[in-house]
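Protein chains in written order, with our numbering: chain A, 61 to 275; chain B, 137 to 381. The structure appears right after this line, and notes come after that.
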């Protein structure tokens, strides 16, 4: 009996250790390669809620910021209205000021860009600025996504997301309190997620960023 | 001292510091490191306008491992080990749909023993450029001359670039200047050796421990670029940080 107890205890410890070690991860892999590259970035979600992302700290208080990258939902199992942040821009004081949400609804994978206003409220980019849909479908395939933002006065501020020839934007708001000093790509930041935790993989590739808007 | 003189001195100091820094990303150690780098920045990245050209260099940092061997010539004791590289076989792959090799642009570093290396352009059509160091020719870099005795062999003993070459941007997007290696789908025996005849230094036996590819981005906005990566190095080292790795 004692031997059985010891065996059970060992099994429990091993199982606990396995649980404790579980975490979402990001890594480069050929499976995530898009647009003819050799490698891409895998966001490997294992059903836990830990953060997993790559971070770029080369932005330096950018008041105009643009980033583009390939993204592939890769059949990630999601339930209706589930969402999480796949791209996040932050200030030097770690305020989140621009976030791209990845969502699922009725068979469509969708994205939405939100920008932080000076009053600390998030504003949605929509098809016609203040009107029209907030999310739009990107398909279950590699998609080139561009997010842009200008932080300034109410006549200067602009946030914009473009993919598959569709652009959603937001303007006419104050955002001169903010500037981009670092960004994260990956996810899911569970505090900003809805639904989940998620299990599966999504892919990113060919990330590029500029201190100008798209030409 | 007038303002122009001070400005000139500052500029000279800056240029000197820049040339000295040339910050390769690999670190010294017992094993050999090899990188493709941008001589203008020291980084493993290039941004180039459409149809523009990039000049890439291949840098090698010999290891710190030393040994000696005795040969039947004078002087009898020859330095070996990873710190004394006598031969090299390097092959660089590129994306032929985005970059084209500028014919004849591959050049060995004349200021080092690498001047003895021979460019290998025969596989350009397969998007590969090679470089081989086989020994010391009586006329540097001329395989038509004779090979000197191993006892007179020059060796690569200090960190420096071995060879450089140019590519023209012919397509859009990002690509990778990739040092081919044993673990590739089409394996290539990237290797170095000393003169003592010991096993060649390879990635598989720990003789080479850091291999850094370079990312090339073709863009109209290189002046405004902040950061780019296609993960072509096979890892996430170009990023400032990784959470969940």
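Note that beta-carbon positions come from the ideal geometry of N, C-alpha and C, so glycine has one too.
According to DSSP, residues forming a beta bridge with residue i
i	result
residue 177 (chain A)	For residue 177 (chain A), which the question treats as bridged, DSSP gives no partner whatsoever.
residue 255 (chain B)	B:267
residue 296 (chain B)	B:196
residue 327 (chain B)	B:225, B:338
residue 379 (chain B)	A:113
residue 302 (chain B)	B:191
residue 126 (chain B)	Given a span of 137 to 381 for chain B in the structure shown, any question on residue 126 (chain B) remains unanswerable.
residue 204 (chain A)	A:130
residue 309 (chain B)	B:354
residue 205 (chain B)	B:214
Contacts of residue i in chain B (Cβ-Cβ under 9 Å)
i	result
residue 219 (chain A)	By Cβ distance, chain B contributes nothing, its closest Cβ being about 17 Å from residue 219 (chain A), past 9 Å.
residue 162 (chain A)	Here the premise fails: no neighbours, minimum Cβ distance about 17 Å.
residue 266 (chain A)	309, 310, 353, 364, 365, 366, 367
Inter-residue CB distance, residue i and residue j (contact presumed, cutoff 8 Å)
i	j	result
residue 239 (chain A)	residue 198 (chain A)	Rounded, the Cβ-Cβ distance is 28 Å, inconsistent with contact.
residue 142 (chain A)	residue 163 (chain A)	7 Å
residue 97 (chain A)	residue 366 (chain B)	5 Å
residue 163 (chain B)	residue 346 (chain B)	7 Å
residue 312 (chain B)	residue 350 (chain B)	7 Å
residue 255 (chain B)	residue 221 (chain B)	Not a contact, Cβ separation roughly 18 Å.
residue 173 (chain A)	residue 127 (chain A)	Actually they are not in contact, since the Cβ atoms of residue 173 (chain A) and residue 127 (chain A) sit about 11 Å apart, beyond 8 Å.
residue 167 (chain B)	residue 344 (chain B)	6 Å
residue 84 (chain A)	residue 105 (chain A)	5 Å
residue 236 (chain A)	residue 211 (chain A)	6 Å
residue 317 (chain B)	residue 324 (chain B)	6 Å
residue 106 (chain B)	residue 231 (chain B)	Only positions 137 to 381 of chain B appear in this structure, which leaves residue 106 (chain B) out of reach.
residue 111 (chain A)	residue 380 (chain B)	6 Å
residue 207 (chain B)	residue 286 (chain B)	6 Å
residue 214 (chain A)	residue 233 (chain A)	6 Å
residue 275 (chain B)	residue 283 (chain B)	Rounded, the Cβ-Cβ distance is 11 Å, inconsistent with contact.
residue 82 (chain A)	residue 99 (chain A)	Between residue 99 (chain A) and residue 82 (chain A) the Cβ distance is about 24 Å, and since that is not below 8 Å, they are no contact.
residue 299 (chain B)	residue 244 (chain B)	5 Å
Nonlocal neighbours in the same chain, by C-beta distance under 7 Å from residue i, ignoring five residues either side
i	result
residue 354 (chain B)	184, 186, 234, 305, 307, 308, 309
residue 166 (chain A)	140
residue 238 (chain B)	189, 302, 303, 304
residue 231 (chain A)	189, 217, 218
residue 330 (chain B)	216, 217, 220, 221, 222
residue 91 (chain A)	102
Neighbouring residues, chain B, relative to residue i (Cβ below 8 Å)
i	result
residue 269 (chain A)	361, 362, 363, 364
residue 117 (chain A)	376, 377
residue 211 (chain A)	Under the 8 Å cutoff, chain B gives no residues; its nearest Cβ is about 15 Å from residue 211 (chain A).
residue 275 (chain A)	356, 357
Amino acids of chain B, ordered along the chain, whose beta-carbon sits closer than 7 Å to that of residue i
i	result
residue 272 (chain A)	357, 360
residue 110 (chain A)	380
residue 95 (chain A)	309
Buried/exposed call for residue i, threshold 16 Cβ in 10 Å
i	result
residue 113 (chain A)	buried
residue 185 (chain A)	buried
residue 157 (chain B)	Only weak support is given to the placement of residue 157 (chain B): the predicted model assigns it a pLDDT of 35, under 50, and the value that follows is read from those uncertain coordinates. It counts as exposed.
residue 242 (chain B)	buried
residue 223 (chain B)	buried
residue 120 (chain A)	exposed
residue 267 (chain A)	buried
residue 322 (chain B)	exposed
residue 143 (chain B)	Caution applies to residue 143 (chain B), whose pLDDT of 38 falls short of 50 and renders its modelled position unreliable; the model cannot decide the point.
residue 171 (chain B)	buried
residue 210 (chain B)	exposed
residue 335 (chain B)	exposed
residue 289 (chain B)	buried
residue 252 (chain B)	buried
residue 213 (chain B)	exposed
residue 262 (chain A)	buried
residue 201 (chain A)	exposed
residue 205 (chain A)	buried
residue 187 (chain A)	exposed
Same chain, Cβ closer than 6 Å to residue i, five either side skipped, listed in chain order
i	result
residue 258 (chain B)	none
residue 314 (chain B)	229, 349
residue 147 (chain A)	160, 245
residue 369 (chain B)	349
residue 152 (chain A)	241
residue 221 (chain A)	173, 185, 207, 228
Listed by chain order, chain A residues near residue i by CB distance under 9 Å
i	result
residue 236 (chain B)	Per Cβ cutoff of 9 Å: no residues; residue 236 (chain B) is ~15 Å from chain A at best.
residue 319 (chain B)	Going along chain A, no residue has its Cβ under 9 Å from residue 319 (chain B), so there is no contact; the nearest lies around 12 Å.
residue 231 (chain B)	96, 97, 98
Under 7 Å by beta carbon: chain A residues contacting residue i
i	result
residue 381 (chain B)	85, 86, 87
residue 262 (chain B)	What residue 262 (chain B) touches in chain A: nothing, since even the nearest Cβ is about 16 Å away.
residue 166 (chain B)	Correct list: empty, because the minimum Cβ distance to chain A is about 26 Å.
Residues near residue i in its chain [Cβ-Cβ closer than 8 Å; skip 5 each side]
i	result
residue 219 (chain B)	198, 199, 200, 201, 202, 293
residue 272 (chain A)	124, 126
Under 8 Å from the C-beta of residue i: neighbouring residues of chain A
i	result
residue 372 (chain B)	86, 87, 88, 101, 114
residue 327 (chain B)	Residues of chain A passing the Cβ test: none, with the nearest at roughly 22 Å.
Any non-hydrogen atom of the ligand FAD within 8 Å of residue i CB
i	result
residue 374 (chain B)	Because no ligand of any kind appears in the structure shown, any question about the ligand FAD cannot be addressed here.
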